[in-house]
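Chemist:
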Amino acid sequence: MSDERKITFFPQEQTISVPAGCTVLEAAQRAGLVIDSLCGGKGRCGKCVVKMLAGEVREFKDMGKKFLSAEESSKNLRLACTICVEDGMEVMISREPSNSGIKGKEIDKIVPIDFVKRINKRYLNLKTNSGQNQISDWERITHVLPDLKQPDLKTLKKISVLMRKSEFKATLTSLDNEFISIEPGDTENKNYGLAVDLGTTTVAVYLADLNTGQILDTGAALNEQSSYGADVVSRISYADEQPKRLAILQKAVANTINELLYKLLTKHSIDRKSIYLITLVGNPTMTHLFLGINPQGLSVFPFTPVFAGSYNLRACETGLVLPSQAKLEILPLVSAYVGADTVASALAADLDQKGPPRLLLDIGTNGEVALACNGNIWACSTAAGPALEGGAIKFGMRAVRGAISEVNITDDVEISIIGNHTARGLCGSGLLDAVAQMLGSGLISKTGRLKDFQSLPEELTPAIRRRLTPGETGHIFHLTPDVYLTQGDINQLQLAKGAMRAGIEILMAEAGITFDDVEEVLLAGAFGTSLRADSLVTVGLLPPFPQQKIKAIGNAAGAGALLCLLSKGHHQRAVNLAKEIKYVELSLQNDFQDRFMKGIKF
Numbered sequence: 032m033s034d035e036r037k038i039t040f041f042p043q044e045q046t047i048s049v050p051a052g053c054t055v056l057e058a059a060q061r062a063g064l065v066i067d068s069l070c071g072g073k074g075r076c077g078k079c080v081v082k083m084l085a086g087e088v089r090e091f092k093d094m095g096k097k098f099l100s101a102e103e104s105s106k107n108l109r110l111a112c113t114i115c116v117e118d119g120m121e122v123m124i125s126r127e128p129s130n131s132g133i134k135g136k137e138i139d140k141i142v143p144i145d146f147v148k149r150i151n152k153r154y155l156n157l158k159t160n161s162g163q164n165q166i167s168d169w170e171r172i173t174h175v176l177p178d179l180k181q182p183d184l185k186t187l188k189k190i191s192v193l194m195r196k197s198e199f200k201a202t203l204t205s206l207d208n209e210f211i212s213i214e215p216g217d218t219e220n221k222n223y224g225l226a227v228d229l230g231t232t233t234v235a236v237y238l239a240d241l242n243t244g245q246i247l248d249t250g251a252a253l254n255e256q257s258s259y260g261a262d263v264v265s266r267i268s269y270a271d272e273q274p275k276r277l278a279i280l281q282k283a284v285a286n287t288i289n290e291l292l293y294k295l296l297t298k299h300s301i302d303r304k305s306i307y308l309i310t311l312v313g314n315p316t317m318t319h320l321f322l323g324i325n326p327q328g329l330s331v332f333p334f335t336p337v338f339a340g341s342y343n344l345r346a347c348e349t350g351l352v353l354p355s356q357a358k359l360e361i362l363p364l365v366s367a368y369v370g371a372d373t374v375a376s377a378l379a380a381d382l383d384q385k386g387p388p389r390l391l392l393d394i395g396t397n398g399e400v401a402l403a404c405n406g407n408i409w410a411c412s413t414a415a416g417p418a419l420e421g422g423a424i425k426f427g428m429r430a431v432r433g434a435i436s437e438v439n440i441t442d443d444v445e446i447s448i449i450g451n452h453t454a455r456g457l458c459g460s461g462l463l464d465a466v467a468q469m470l471g472s473g474l475i476s477k478t479g480r481l482k483d484f485q486s487l488p489e490e491l492t493p494a495i496r497r498r499l500t501p502g503e504t505g506h507i508f509h510l511t512p513d514v515y516l517t518q519g520d521i522n523q524l525q526l527a528k529g530a531m532r533a534g535i536e537i538l539m540a541e542a543g544i545t546f547d548d549v550e551e552v553l554l555a556g557a558f559g560t561s562l563r564a565d566s567l568v569t570v571g572l573l574p575p576f577p578q579q580k581i582k583a584i585g586n587a588a589g590a591g592a593l594l595c596l597l598s599k600g601h602h603q604r605a606v607n608l609a610k611e612i613k614y615v616e617l618s619l620q621n622d623f624q625d626r627f628m629k630g631i632k633f
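If you use our numbering, the sequence shown closes out at 633, no skipped numbers anywhere.
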């Protein structure tokens with residue numbers, strides 16, 4: 032009997048052979064298909080739901096019963112991480128993540144960019160008169176461009192052949208006066224660069240003309256690493272289990288960027304040989320995995336990264352399909368949990384400029400917080416957990432088509448759904464809105480308890496009352512007939528918002544200020560643009576800031592990466608910022624637990 036098993040995935044109609052004992056989730060990963068697996072295939076999240084179409088089903092774990100109802104099981108729904116592949120198996124990826132809701136931001140509208148050319152291209156005729164023919168090729172170049180720094184050996188080797196091939200008429204390219212390329216003929220007008228925001232969930236790429244500073248286009252996609260775990264802890268764990276798994280994660284993120292790169296360049300008819308500079312930001316785990324560096328040291332005390340300063344290399348060394356002259360700059364980190372993405376966001380938000388106290392938040396799984404006050408900047412990572420990105424929530428999902436994104440409760444429940452689609456679940460903004468509205472309507476107590484029928488306020492309408500029904504483990508509240516909130520969902524939000532609130536309060540205590548002193552609260556990231564200020568304050572994730580002080584600034588990390596792409600001065604600011612930011616390790620703060628427990632309450 033063969034040790035290989037064939038499985039076909041739908042709707043892709045993709046068939047793959049895998050070794051015996053391989054799970055359906057692992058088979059999908061081998062096929063390059065993304066199935067939500069927030070826990071990394073450990074049977075803890077219940078998100079890797081697939082529909083069995085054909086073949087024998089052999090579950091080797093009983094976790095599926097915990098997450099799937101009897102009705103769902105009767106419809107042949109199973110958890111992909113609990114099923115071994117059997118020969119001839121056919122599977123429908125019923126909840127395959129869609130990129131339809133993931134969009135790039137128009138960064139030039141978020142932050143004004145002071146363009147100072149970093150990549151310079153100059154077309155030259157390097158022919159000399161007969162009396163000077165014996166001077167070296169490098170001397171010919173520096174005679175015209177005396178400020179150029181000596182190239183590396185790989186670039187130096189190309190000079191002789193290319194100069195003679197082009198009859199000494201060539202275009203020289205430099206990065207901040209570092210000679211990086213020589214090309215035959217005149218290619219001055221072909222000069223492009225990329226800024227990459229490497230997020231745990233979403234990867235965004237921005238294409239810019241490096242001659243003019245114009246941002247040409249943006250693209251974003253789900254990070255292919257998502258099927259190996261939703262948060263950095265699960266991915267560190269996955270990478271550390273087997274040596275080959277680090278390479279798997281590195282390839283997954285490189286594939287994500289390469290696919291976005293291909294789409295952008297094809298759309299604008301740009302040859303990838305015309306890409307010369309890429310700036311990249313991300314949290315420490317993401318940048319380590321992108322470089323193929325084991326991030327295990329980030330997860331154990333004393334939580335140390337392998338590198339912290341800015342790191343420069345050839346882009347092709349990371350698996351990106353780009354020519355050897357394309358330079359990659361990874362912006363500096365602050366600590367094991369505050370990375371280049373926070374530095375870039377602080378740069379875009381001008382936290383290093385003098386002014387009144389300002390608070391910067393990137394609300395999500397890692398929950399970074401930065402506070403600028405009196406010439407100092409403090410930052411922390413709050414480990415808020417995946418609830419705000421759809422994880423650990425019964426019907427939680429990412430902000431894609433079919434996700435409830437906004438909730439209002441008046442005489443009845445009113446919802447907004449991404450893509451005007453039938454509701455499939457709710458994303459982070461929908462969860463925050465729902466809980467905030469339920470609090471305001473008296474459906475939830477200050478301790479977070481979903482009230483029973485006897486405890487409901489008398490003024491609630493019959494339409495609202497009908498939405499509260501008994502569930503398997505307590506009462507549930509229906510947003511639609513098929514999508515509801517459980518007591519466990521509310522508790523998960525409490526944990527997330529309690530962690531972020533504690534981080535905010537500890538940074539304000541470090542600065543010696545109260546929330547009344549804060550002039551601006553800046554919400555960074557694509558998620559921040561979809562959040563309602565009143566919901567954030569109502570649930571207590573934020574202190575009671577006046578709503579006019581709370582502003583969404585879009586993808587600040589991407590904006591910061593672009594600033595560094597288009598200006599050496601801004602790049603130096605980022606380097607300085609990373610050194611100036613004072614990292615606060617929350618687990619070492621004596622008052623963290625007290626603030627966290629207080630922050631859990633509504």
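Backbone N, C-alpha and C fix where the C-beta goes; we use that ideal spot for every residue, glycine too.
Just so you know, these numbers come straight off a predicted model, no measurement behind them.
Using a 10 Å radius around the Cβ and a threshold of 16 neighbouring Cβ atoms, would you call Leu184 buried or exposed?
Modeler: exposed
Chemist: Would you check if there are 3 or more beta carbon pairs closer than 8 Å linking the region 621–628 to the region 263–273?
Modeler: no
Chemist: Whole angstroms are fine: how far does the CA of Glu198 sit from the CA of Gly135?
Modeler: Below a pLDDT of 50, predicted positions are generally treated as unreliable, and Gly135, at 47, falls in that range; no measurement from the model is reported.
Chemist: Is it right to say Val116 is buried, meaning 16 or more other beta carbons lie within 10 angstroms of its own, or is it exposed?
Modeler: buried
Chemist: Can at least three beta-carbon pairs, one atom from the region 453–467 and one from the region 422–430, be found at a separation below 8 Å?
Modeler: yes
Chemist: From what residue to what residue does the alpha helix (DSSP H) around Asp372 run?
Modeler: Ala371 to Ala379
Chemist: Quick check on the burial criterion: 16 or more other C-beta atoms within 10 angstroms. Buried or exposed for Lys158?
Modeler: It is exposed - the Cβ of Lys158 has fewer than 16 other Cβ atoms within 10 Å.
Chemist: For the alpha helix (DSSP H) holding Asp664, just list the boundary residues, first then last.
Modeler: Absent from the structure is residue 664, since the part of the chain shown begins at 32 and ends at 633.
Chemist: Cα separation between Gly591 and Gly416?
Modeler: The C-alpha of Gly591 lies about 25 Å from the C-alpha of Gly416.
Chemist: Is the region 275–285 in contact with the region 346–357, if contact means three or more CB pairs nearer than 8 Å?
Modeler: Yes, since at least three Cβ pairs between the region 275–285 and the region 346–357 fall closer than 8 Å, the two stretches touch.
Chemist: Looking at the unbroken beta strand (DSSP E) that takes in Lys477, where does it start and where does it end?
Modeler: It is not in any beta strand (DSSP E) - Lys477 carries neither H nor E in the DSSP assignment.
Chemist: Near Asp217, which residues of its chain fall below 7 Å by C-beta distance, leaving aside the five closest residues on each side in sequence?
Modeler: Tyr154 and Thr202
Chemist: Do you know whose CA, among Leu419, Pro493, Thr492 and Phe546, lies nearest Ala465's CA?
Modeler: Leu419
Chemist: Evaluate the contact criterion for the region 305–324 versus the region 211–225: three or more CB pairs, one atom per stretch, below 8 Å.
Modeler: yes
Chemist: Tell me the rounded alpha-carbon separation between Asp207 and Thr186.
Modeler: Whole-angstrom Cα-Cα distance: 16 Å.
Chemist: So if DSSP puts Ser300 in a beta bridge, which residue, or which two residues, is it bridged to?
Modeler: Secondary-structure assignment with DSSP links Ser300 through no beta bridge to anything.
Chemist: Drop a sphere of 10 angstroms on the beta-carbon of Thr569, count the other beta-carbons inside from all chains shown, and report buried for 16 or more, exposed for fewer.
Modeler: buried
Chemist: Name the residue from Asp240, Thr173, Asp442 and Glu170 whose alpha carbon lies nearest to the alpha carbon of Val147.
Modeler: Asp240
Chemist: Express the C-alpha separation of Val81 and Arg109 in angstroms, rounding to a whole number.
Modeler: Rounded to the nearest whole angstrom, the C-alpha separation of Arg109 and Val81 is 6 Å.
Chemist: Could you tell me which residues DSSP puts in a beta bridge with His509?
Modeler: Tyr515
Chemist: For Leu253, which option in Val65, Ala588, Gly77 and Val263 has the closest C-alpha, if you only look at C-alpha atoms?
Modeler: Val65
Chemist: Have a look at Ile424, Ala423 and Ser376 and flag the residue whose alpha-carbon is nearest the alpha-carbon of Leu402.
Modeler: Residue Ser376 is the option with its Cα nearest to Leu402.
Chemist: Just how far apart, CA to CA, sit Lys477 and Gln525?
Modeler: In a straight line, the C-alpha of Lys477 is about 11 Å away from that of Gln525.
Chemist: How is Phe41 classed by DSSP in three states: helix, strand or coil?
Modeler: strand
Chemist: State the start and end residues of the unbroken beta strand (DSSP E) segment that holds Phe146.
Modeler: Unbroken run through Phe146: none, as it is neither H nor E.
Chemist: Given a threshold of 16 other Cβ atoms within 10 Å of its Cβ, counted over all protein chains shown, does Lys152 qualify as buried or as exposed?
Modeler: Its Cβ being crowded by 16 or more others within 10 Å, Lys152 is buried.
Chemist: Less than 7 Å between the beta carbons of Ala235 and Gly589, yes or no?
Modeler: yes
Chemist: Asn407: which of Leu277, Ile495 and Glu541 sits nearest, CA to CA?
Modeler: Put simply, of Leu277, Ile495 and Glu541 the residue whose alpha carbon is nearest the alpha carbon of Asn407 is Glu541.
Chemist: Nearest-angstrom Cα distance between Arg496 and Lys482?
Modeler: 11 Å
Chemist: Compute the distance between the beta-carbons of Leu359 and Leu382, then report whether it is under 7 Å.
Modeler: no
Chemist: Thinking C-beta only, is Val365 closer than 7 Å to Ile612?
Modeler: yes
Chemist: Give the list of continuous alpha helix (DSSP H) stretches no shorter than 4 residues that lie fully inside the region 574–615.
Modeler: 587–597 and 599–611
Chemist: Would you report the Cα separation of Leu84 and Ser105, rounded to the nearest angstrom?
Modeler: 12 Å
Chemist: Alpha carbons only, please: which of Phe558, Leu593 and Glu399 is nearest the one belonging to Ile246?
Modeler: Leu593
Chemist: Compute the Euclidean distance between the alpha carbons of Glu87 and Ile114, then round it to the nearest angstrom.
Modeler: 10 Å
Chemist: Taking Ala553 as the reference, give the member of Ile394, Ala371 and Cys411 with the closest Cα.
Modeler: Inspection of the sequence shows that residue 553 is occupied by Leu rather than by Ala. Ranking the options by Cα distance to Leu553, first place goes to Ile394.
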